[in-house]
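Worksheet: one structure, shown below.
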Amino acid sequence: MINTEVTIGSLKLKNPVLTASGTFGYGDEVKELVDVTRLGGIITKSLSLKPRDGNSPNRIVETASGLLNSIGLANIGVHAFIKEKLPYLRNLETTIIVNIAASTIEEYCDVLSILETETGIDGYEINVSCPNVKEGGLTFGTNCAMTEEITRRLRLLTKKTLILKLTPNVTRIAEFARAVERAGADGVSVVNTFIGMAIDIRTRKPRLSTITGGLSGPAIKPLALAKVYEVAQAVKIPVIGIGGIMTWEDAIEFLLAGATAIQVGTANFITPSAGVKIAEGIQRFCEEANVRDVRELVGAMRSER
Amino acid sequence: MINTEVTIGSLKLKNPVLTASGTFGYGDEVKELVDVTRLGGIITKSLSLKPRDGNSPNRIVETASGLLNSIGLANIGVHAFIKEKLPYLRNLETTIIVNIAASTIEEYCDVLSILETETGIDGYEINVSCPNVKEGGLTFGTNCAMTEEITRRLRLLTKKTLILKLTPNVTRIAEFARAVERAGADGVSVVNTFIGMAIDIRTRKPRLSTITGGLSGPAIKPLALAKVYEVAQAVKIPVIGIGGIMTWEDAIEFLLAGATAIQVGTANFITPSAGVKIAEGIQRFCEEANVRDVRELVGAMRSER
Amino acid sequence: MIQTLCHVSSIEHIRSNIYVMGFGSSEIASSSMAGQFVNIKVNETYQPLFRRPFSIYHIEGENVKIIFQVFGQGTKALIQKQLSEKIDVIGPLGRGYNVRDDFETALLVGGGLGVAPLPILTNQLRTKRIVTFLGGRTKEQILPTYLENVQIATDDGSAGYKGTVVDLLEKYLVQEQVVKPKIFACGPNVMLKVLGKLAAKRSIPCEVSLETVMACGIGICQGCPVERTDGRKKYSLVCKEGPVFDVQSVVFPL
Amino acid sequence: MIQTLCHVSSIEHIRSNIYVMGFGSSEIASSSMAGQFVNIKVNETYQPLFRRPFSIYHIEGENVKIIFQVFGQGTKALIQKQLSEKIDVIGPLGRGYNVRDDFETALLVGGGLGVAPLPILTNQLRTKRIVTFLGGRTKEQILPTYLENVQIATDDGSAGYKGTVVDLLEKYLVQEQVVKPKIFACGPNVMLKVLGKLAAKRSIPCEVSLETVMACGIGICQGCPVERTDGRKKYSLVCKEGPVFDVQSVVFPL
Ligand SMILES: Cc1cc2nc3c(=O)[nH]c(=O)nc-3n(C[C@H](O)[C@H](O)[C@H](O)COP(=O)(O)OP(=O)(O)OC[C@H]3O[C@@H](n4cnc5c(N)ncnc54)[C@H](O)[C@@H]3O)c2cc1C
Ligand SMILES: Cc1cc2nc3c(=O)[nH]c(=O)nc-3n(C[C@H](O)[C@H](O)[C@H](O)COP(=O)(O)OP(=O)(O)OC[C@H]3O[C@@H](n4cnc5c(N)ncnc54)[C@H](O)[C@@H]3O)c2cc1C
Ligand SMILES: Cc1cc2nc3c(=O)[nH]c(=O)nc-3n(C[C@H](O)[C@H](O)[C@H](O)COP(=O)(O)O)c2cc1C
Ligand SMILES: Cc1cc2nc3c(=O)[nH]c(=O)nc-3n(C[C@H](O)[C@H](O)[C@H](O)COP(=O)(O)O)c2cc1C
Ligand code: FES
Ligand code: FES
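Chains as they are written, first to last, in this note's numbering: chain R, 1 to 305; chain D, 1001 to 1305; chain B, 2001 to 2254; chain X, 3001 to 3254.
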């Protein structure tokens, strides 16, 4: 028997594969296509205090091996989430991590406090890294002191696993990871999308209504992997690797670079069961490579020359 | 007749297409395959004071729509360049821009001073952004004050066109662009490669000998375009757009985002005449879109909603 | 809604760059409603990265057929397929036309390749009186196969009425006595917008099928909003709440 | 060296996953030296992004042939080609074997698909005595077409000598009187390294063809270094100064 369980804070995931926020809805949209109980866990779409309509169209551009998006955190808001989505999620046999986005520290605190009164939530991922909203988002995510402060304030409000999701759009991501570790986070998710842009040369207009957006998908995999490696060298708390993971081979790369768990994002859009397939692939790889505990792979890159 | 000429500092380029440093050798390797006189200009491989062997293999990895490299500025050194390469370049009917890399401010100054005594060089591009060398490279490129200081010192040494090549691996590239503008640069090249990484899961070793390297190619096009746009909003000196430009359509996107000229890098490896084809495509586009001067396209993105 | 690897069962070259492709899937064939779509991964690479959505065109036994124009990377890859090669399909997706309303005459309107959902719709409207209006730039763009009572409009007059298909429909409505009509349409946004005005003027219920860029097709990316007119909420997702909408409920992005 | 769009003139399935493909280019056909290679853009997409280098296998009139094993994205795309479809080729590239040295017996050594440059080499050595040594894991991997005086070694003994091709060569050198020999080899690095030791011990000149990852194939990326033993400089570029090197001049990365 191979152990595939990994731990983030007090949270045990049955396997290291999570679905990334904003790429798996609230988990109920895909029930006909995916057996979600075979995932390590689900991270829900970013929730804000009030519902958000999101940005005006166009919100999506396909680029070379990449996806440029500017959704603008369209979500139903924390109250509707609790009423309409949580009852379904609560009864699933998998870990539920709720992702929170906000424009002020107070809003982060409010949303988390509201969620704290509910059962069925196993942990929080805090999005301080959305490139597609005017307030909050990157203004927080590129400010190290602010990121630290948000973490500190939220830490006071919950004993559940608290994960901060970092942006790659900074010079030294390791500094941010150290700051959130210092402030008491149980883990860091690395990374959110990279700022990108595309122009329609015929109309001369930007392809996204917000001009710039966030790039995800296979194109960013090498970049995300380097960020995960940088962070894993810098902190002791678990790192959750994200960015362009489409196959189990990609996932193993992130584990070797130092990620304790990984998230599957864009891949869900192409194959909603991508996460389950990746979890199976990791298991098979361990069997074949004679790895008895998936944790043996974490940070096991051989960098000696 | 369509005007395709653009100006950077005192330098006139017959068209906006340059070949990017490190992706076109010293210009002589490809003479059987490309009519280099139809390019706007050639930017030569980064030169250092002494020859550099470069990093140990493996130096190259193919990624999804991208190229991860860790060449380590392998080059023949400024003296051999003057002796062996410049005589050929000097007689070409195209603009020659020499790219300089160094580990200290003094070395930058020395190399530039040595080149100043030669004829046939039309301008300099200063590489403060190579991710693949231990000294210099990104230590300079991610330090705004240092970048400004290098520019200031080099400005004192030459009246020729002086271009600083910036790294995208910073939080706010516009600050760097403003600093070099302030220090007297005639233009900024945006961008060098993005830090990336890949692991061979079979051997568990990094695929590059230096662990991390720089990502180029179509994968980074949306990211590079966003950086060009950010810089073009921030400075008045010409911006030279670089990153994943494979086709003339890509080039037009960069012009619309605010680039006065563009550089073709990775595309040369696949089609050494890519730059010439792109120059032709831009010309044809202007004819068909009734644009009589290519400069009308610069920054002409229509961002009103 | 299932994800399935199915065999390509037919590839027909209809004309110039228009193809009809069939693939075998009893689950999709038996559960598809007119106006729904399938989302196809055209090859196994990241180029293109996304699936491509196609309206369900016709069902023949276990075979589901789509019609498409070769356009960019996705459709170019699609015509590379060989017979009995496998393709990865998710479907049926979205909300189709409502064929159970209280109406007697179905007025089907298709502009260009907007004809795509009309054959399966014609099938599912068997108990109603159907009149079909097809528009195109030239006669080449008119694809009347499987359709009933076809009236044609072309921009250049190379077939049928010279003018737009909406003008043709308007003329028809003026000249004929149409009992309890309902309009079912698909085509370019400009056409649907004008059609919406005509339908409003004449108080005819009208459903239209929309297209947007789609990253997922199943409601998990929030990438396909269309603005609503009814103020209940700002946007609907075309992939999940559509692609068929009451023409008066949406704002057409032009 | 030219870049040319040429027609695929033949596609032969040799065995299991090995194919020989020909394409018509009189320029490349007439100027290729044994040991040189062509660099092929296997499709028009960015997947794969790079060209793929292949040794020139054989020249037949205007047709240049390569032999390859279907392996990853590049070779998978290559076998999708149809006859007379166009492919984008740059060649001939690199420095081939030196066939003008002062030697009388050419000892050709190929490990697995390292046989690739030996047929054209055999042709260009017409005036010399040739003995060819082929090694493979099993008999399936032995491809003696176009070669002369072939001696075979297989790891599993399914054909010829049971053992490595270098052992076979050594036995041959012990048993036979070989006049003024020179070794020409291509194969996996491990094999070439052992061969280098044998050649040194017996003071036989030996040229080998190397493989590395290549981004450009024409000397402009600096991506394909091989370490030198002679101290003159640290690295040579495999694509430009090679792929053929004196076995004693390079360090084999294993
Ligand atoms: C619900 C739905 C049903 C559809 N049904 C059909 C159908 O039955 N038959 C059919 O041929 N197509 C249909 N489409 C469109 C189809 O999904 C593809 O977009 C189209 O075939 C072009 O794909 P491609 O990969 O060949 O071109 P691409 O390479 O994707 O496109 C080339 C260029 O066209 C632009 N483009 C592509 N699609 C659109 C679009 N929808 N609107 C505006 N610009 C676009 C792209 O931005 C790009 O610049 C449908 C789309 C939707 C959302
Ligand atoms: C000078 C030269 C001559 C060559 N001649 C031939 C020839 O005659 N016949 C032939 O079949 N091939 C030849 N090759 C190799 C060929 O260029 C391709 O690398 C090979 O066919 C696999 O390509 P692919 O796209 O199918 O696999 P890819 O998708 O590129 O590779 C799949 C996996 O194999 C690894 N890989 C690929 N190539 C190599 C390599 N060379 N060394 C180590 N790992 C590798 C990749 O890293 C990847 O993980 C030659 C290479 C060189 C440099
Ligand atoms: C359409 C889309 C919507 C996203 N929405 C969110 C979100 O609401 N909150 C968040 O933290 N990240 C969001 N992300 C970022 C992803 O969770 C993930 O960090 C990123 O896509 C990189 O992973 P990938 O390359 O596997 O997609 C979104 C990404 C995409 C593509
Ligand atoms: C193999 C390789 C070598 C490079 N060498 C240099 C160099 O010596 N100096 C430099 O300033 N940039 C160098 N670059 C960066 C390119 O000039 C260019 O900025 C980058 O590749 C992005 O453009 P592209 O996507 O068109 O390749 C190199 C890039 C590659 C891929
Ligand atoms: S396409 Fe993803 S939500 Fe509609
Ligand atoms: S492959 Fe580019 S220099 Fe050799």
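Where a beta carbon is used, it is the ideal one built from N, C-alpha and C, also for glycine.
Predicted, not measured: the structure shown is a model, and the values here were computed from it.
First through last residue of the beta strand (DSSP E) which encompasses residue i
i                  : result
PHE3023 of chain X : 3018-3024
LYS2201 of chain B : Taken as a continuous stretch (DSSP letters only), LYS2201 of chain B belongs to no beta strand (DSSP E), being part of the alpha helix (DSSP H) at 2189-2201.
SER1216 of chain D : 1212-1216
VAL231 of chain R  : Premise fails: VAL231 of chain R lies in the alpha helix (DSSP H), 221-234, not in any beta strand (DSSP E).
Outcome for residue i when other beta-carbon atoms lying within 10 angstroms are tallied against a minimum of 16
i                  : result
ASN3123 of chain X : exposed
ALA289 of chain R  : exposed
MET1 of chain R    : exposed
SER2016 of chain B : exposed
HIS3013 of chain X : exposed
LEU1223 of chain D : buried
LYS2065 of chain B : buried
GLY3061 of chain X : exposed
VAL2174 of chain B : exposed
Endpoints, the alpha helix (DSSP H) within which residue i is located
i                  : result
GLU148 of chain R  : 144-155
LEU1138 of chain D : 1138-1141
GLU1304 of chain D : No alpha helix (DSSP H) contains GLU1304 of chain D, which DSSP labels as neither H nor E.
PHE269 of chain R  : 267-270
ILE2218 of chain B : ILE2218 of chain B -> no alpha helix (DSSP H), and no H or E assigned at all.
Residue i: CB within 7 Å of a non-hydrogen atom of ligand 8
i                  : result
PHE2068 of chain B : Ligand 8 is not among the ligands present in this structure, which contains only ligand 1, ligand 2, ligand 3, ligand 4, ligand 5 and ligand 6.
Cβ shell of residue i (< 7 Å), same chain only, five flanking positions each side left out
i                  : result
GLU3267 of chain X : Outside the shown range of chain X (3001 to 3254) lies residue 3267 of chain X, about which nothing can therefore be said.
GLN1283 of chain D : ILE1002, THR1004
GLY217 of chain R  : SER65, GLY66, LEU67, GLY244, THR266
THR3229 of chain X : GLN3248, SER3249, VAL3250, VAL3251
GLU3104 of chain X : LYS3128, ARG3129, VAL3179, LYS3180
ILE1252 of chain D : ILE1282, PHE1285, LEU1297
Cβ neighbours of residue i in the same chain (closer than 8 Å, five flanking residues each side left out)
i                  : result
SER332 of chain R  : Only positions 1 to 305 of chain R appear in the structure, and residue 332 of chain R is not among them; the question remains open.
ILE1199 of chain D : LYS1205, PRO1206, ARG1207
LYS3162 of chain X : ALA3153, THR3154, ASP3155, ASP3156
SER113 of chain R  : LEU157
GLN3080 of chain X : ASN3043
Residue i: CB within 7 Å of a non-hydrogen atom of ligand 1
i                  : result
THR1247 of chain D : no
THR63 of chain R   : no
Neighbourhood of residue i by C-beta distance below 6 Å, restricted to the same chain and skipping five residues each side
i                  : result
PHE2050 of chain B : ALA2215
LEU1255 of chain D : LEU1297, VAL1298
GLY2136 of chain B : GLY2112, ILE2142, THR2154
LYS12 of chain R   : GLU5
Closer than 7 Å: residue i CB and nearest ligand 6 heavy atom
i                  : result
LEU3237 of chain X : yes
Check: residue i C-beta below 7 Å from any heavy atom of ligand 3
i                : result
SER21 of chain R : yes
Proximity test, residue i beta-carbon vs ligand 2 heavy atom, cut-off 7 Å
i                  : result
GLU3207 of chain X : no
GLU3211 of chain X : yes
GLY3096 of chain X : no
GLN3073 of chain X : yes
PRO3243 of chain X : yes
Any non-hydrogen atom of ligand 4 within 7 Å of residue i CB
i                  : result
ASN1069 of chain D : yes
SER1216 of chain D : yes
Complete alpha helix (DSSP H) runs within the stretch 3100-3164 of chain X (minimum length 4 residues, chain order) | 3118-3124
3 or more residues per run - each beta strand (DSSP E) lying fully within the stretch 1023-1070 of chain D = Runs of the beta strand (DSSP E) inside the stretch 1023-1070 of chain D: 1041-1043, 1060-1063, 1066-1069.
Mind listing, in chain order, the continuous beta strand (DSSP E) runs of no fewer than 3 residues lying wholly within the stretch 90-131 of chain R?
-> 95-100, 123-127
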